[in-house]
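To start, the structure itself, in structure tokens.
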Amino acid sequence: MIRDRETLNLLLDNIARFVRERLIPNEEVVAETDEIPDDVVRDMKALGLFGLTVPEEYGGLQLTMEEEVLAMLELGRASPAFRSLIGTTVGIGSQGILFDGTEAQKRKYLPRMAAGELIASFALTEPGSGSDAASLRTTARRDGDHYVVNGTKRFITNAPQAGLFTLMARTDPAEKGAGGISAFIVEAGTPGISFGKRDKKMGQKGAHTCDVIFEDCRVPAENLIGGVEGRGFKTAMKVLDKGRIHIASICVAVAERMLDEALRYAMDRKQFGQPIAEFQLVQAMLADSKAEIYAARCMVLDAARRRDDGLPVSTEASCAKMFASEMCGRVADRAVQIFGGAGYMSEYGIERFYRDVRLFRIYEGTTQIQQIVIARNLLREARG
Ligand SMILES: Cc1cc2nc3c(=O)[nH]c(=O)nc-3n(C[C@H](O)[C@H](O)[C@H](O)COP(=O)(O)OP(=O)(O)OC[C@H]3O[C@@H](n4cnc5c(N)ncnc54)[C@H](O)[C@@H]3O)c2cc1C
Numbered sequence: 092m093i094r095d096r097e098t099l100n101l102l103l104d105n106i107a108r109f110v111r112e113r114l115i116p117n118e119e120v121v122a123e124t125d126e127i128p129d130d131v132v133r134d135m136k137a138l139g140l141f142g143l144t145v146p147e148e149y150g151g152l153q154l155t156m157e158e159e160v161l162a163m164l165e166l167g168r169a170s171p172a173f174r175s176l177i178g179t180t181v182g183i184g185s186q187g188i189l190f191d192g193t194e195a196q197k198r199k200y201l202p203r204m205a206a207g208e209l210i211a212s213f214a215l216t217e218p219g220s221g222s223d224a225a226s227l228r229t230t231a232r233r234d235g236d237h238y239v240v241n242g243t244k245r246f247i248t249n250a251p252q253a254g255l256f257t258l259m260a261r262t263d264p265a266e267k268g269a270g271g272i273s274a275f276i277v278e279a280g281t282p283g284i285s286f287g288k289r290d291k292k293m294g295q296k297g298a299h300t301c302d303v304i305f306e307d308c309r310v311p312a313e314n315l316i317g318g319v320e321g322r323g324f325k326t327a328m329k330v331l332d333k334g335r336i337h338i339a340s341i342c343v344a345v346a347e348r349m350l351d352e353a354l355r356y357a358m359d360r361k362q363f364g365q366p367i368a369e370f371q372l373v374q375a376m377l378a379d380s381k382a383e384i385y386a387a388r389c390m391v392l393d394a395a396r397r398r399d400d401g402l403p404v405s406t407e408a409s410c411a412k413m414f415a416s417e418m419c420g421r422v423a424d425r426a427v428q429i430f431g432g433a434g435y436m437s438e439y440g441i442e443r444f445y446r447d448v449r450l451f452r453i454y455e456g457t458t459q460i461q462q463i464v465i466a467r468n469l470l471r472e473a474r475g
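For any residue, its number in my numbering is found by taking its place in the sequence shown, counting from 1, and adding 91.
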């Protein structure tokens, strides 16, 4: 749903200019140093990027899902690491509070998130539970007006920078499945939290993950999201449904960028006396990429509009995330192929994207988990 086309166009133009003038020129620096320069982060805050999804009453821009997708289709044209820095605050780190938090929780945390003062992370995965998230073992035991948290969370995006975590932990040890899980807001400075070493990753340099370890960490009971135990898994799944549409839009944007680069290169590079873009076998790679990107773009926008209309989107979000992330992998592979030997050399930049986009098929639910969600929903509907 687009609320005000003129205001939205202004925002999209600003993001597109920011990507062109500030992010793309800094891509190599980020890849080499594994850090996003401070002045770029400052400009991201000034542009309001951390507050895209936070309601206006808490200081954000309150974008609808369709508007958020359109913003990500612009922002995602730069290296995915830039998006990753705002991604958890705009998405999985903040949305649990927004969907299910109490009014006091929203007032306390959302305005600082929207301003970019507080980076939010989402802490679900553990060493022993990834795809099978409902089997998580981190515990939160009630003790007076606190919960005592013990456990380890793994691969947590932005954990080294985070000011707070949306944490999923088991409050009911007798209930081994989803029903025993609750969601908490945990401030990063709380005693009893420590961090593992920064993970060395295949790609997305500049975006950081690490373990987050909780040892007798006392979290105020008022930080239980929504004030009700046992609802944390449902909160996490709602957050991930939305997050999957967001990630799918990033996949489309990066794929569009890679296709642009491959097309430019193919028109410039000559072999056998003519630009390689004139060869039909190269054209096939360009055409297949364009068609698949278009299909993914349509899916993402449709899923976003359905969500804005209040319709259930579990199936559509999984379809969009699965198709867009797999499509993005295929486009990356073709782009490297079109660049030939240069595609394998880091100075041309395309191999960096090839590595960066591999992640999209793994996190926020692997492709196999999306298949399971889609099939489960189909069967449930068919059985009535
Ligand atoms: C860079 C990065 C950032 C991340 N950021 C976060 C974050 O911010 N917060 C967070 O909570 N988590 C985060 N994660 C974790 C991520 O969501 C998980 O890695 C992902 O969900 C997969 O879990 P796993 O790694 O344990 O793999 P596993 O669950 O062990 O899966 C291994 C393989 O088995 C397959 N598989 C598993 N179960 C089935 C099944 N039932 N049927 C068929 N195949 C199956 C999977 O598809 C996969 O191919 C991040 C991961 C990475 C790499």
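Even for Gly, the Cβ is constructed at its ideal location relative to N, Cα and C.
One question on the structure: do residue i and residue j come within less than 8 Å of each other, judged by their Cβ atoms?
{"i": "K412", "j": "A346", "result": "no"}
{"i": "K296", "j": "A122", "result": "yes"}
{"i": "S185", "j": "M204", "result": "yes"}
{"i": "I316", "j": "D191", "result": "yes"}
{"i": "R198", "j": "V110", "result": "no"}
{"i": "A378", "j": "V303", "result": "no"}
{"i": "T248", "j": "S285", "result": "no"}
{"i": "V427", "j": "I384", "result": "no"}
{"i": "V240", "j": "T229", "result": "yes"}
{"i": "C301", "j": "K288", "result": "yes"}
{"i": "E165", "j": "L99", "result": "no"}
{"i": "E442", "j": "G432", "result": "no"}
{"i": "R446", "j": "G321", "result": "no"}
{"i": "S380", "j": "L350", "result": "yes"}
{"i": "A206", "j": "K136", "result": "yes"}
{"i": "V181", "j": "V391", "result": "no"}
{"i": "M156", "j": "A415", "result": "no"}
{"i": "A231", "j": "F275", "result": "yes"}
{"i": "T257", "j": "G187", "result": "yes"}
{"i": "F324", "j": "I367", "result": "no"}
{"i": "G254", "j": "A279", "result": "yes"}
{"i": "I429", "j": "A375", "result": "no"}
{"i": "M259", "j": "A312", "result": "no"}
{"i": "A162", "j": "I106", "result": "yes"}
{"i": "R398", "j": "V343", "result": "no"}
{"i": "V132", "j": "N117", "result": "no"}
{"i": "C419", "j": "F451", "result": "yes"}
Is any heavy atom of ligand 1 found at a distance shorter than 7 Å from the C-beta of residue i?
{"i": "F246", "result": "yes"}
{"i": "I463", "result": "yes"}
{"i": "L450", "result": "yes"}
{"i": "Q186", "result": "no"}
{"i": "F213", "result": "yes"}
{"i": "I338", "result": "no"}
{"i": "G432", "result": "no"}
{"i": "I272", "result": "no"}
{"i": "K292", "result": "yes"}
{"i": "G297", "result": "no"}
{"i": "G317", "result": "no"}
{"i": "T300", "result": "yes"}
{"i": "T457", "result": "yes"}
{"i": "G476", "result": "Any question about residue 476 goes unanswered here, given that the chain covers just 92 to 475."}
{"i": "S222", "result": "yes"}
{"i": "I341", "result": "no"}
{"i": "I453", "result": "yes"}
{"i": "I115", "result": "no"}
{"i": "T216", "result": "yes"}
{"i": "T144", "result": "no"}
{"i": "I460", "result": "yes"}
{"i": "T179", "result": "yes"}
Who are residue i's beta bridge partners in DSSP?
{"i": "E313", "result": "Paired residues: none, contrary to the question."}
{"i": "T257", "result": "F213 and I276"}
{"i": "G242", "result": "F305"}
{"i": "L247", "result": "A quick correction: the sequence has Ile, not Leu, at residue 247. C301."}
{"i": "T80", "result": "Only positions 92 to 475 of the chain appear in the structure, and residue 80 is not among them; the question remains open."}
{"i": "F286", "result": "V303"}
{"i": "Q362", "result": "Q365"}
{"i": "S222", "result": "BP columns for S222 are empty, so no partner."}
So with Cβ pairs under 8 Å, would you call residue i a contact of chain C?
{"i": "A408", "result": "The structure shown contains no chain C, having only a single protein chain."}
3 or more residues per run - each beta strand (DSSP E) lying fully within the region 372–437: none
Completely contained alpha helix (DSSP H) runs for the region 147–193, where each covers 4 or more residues: 156–166, 171–181 and 186–191
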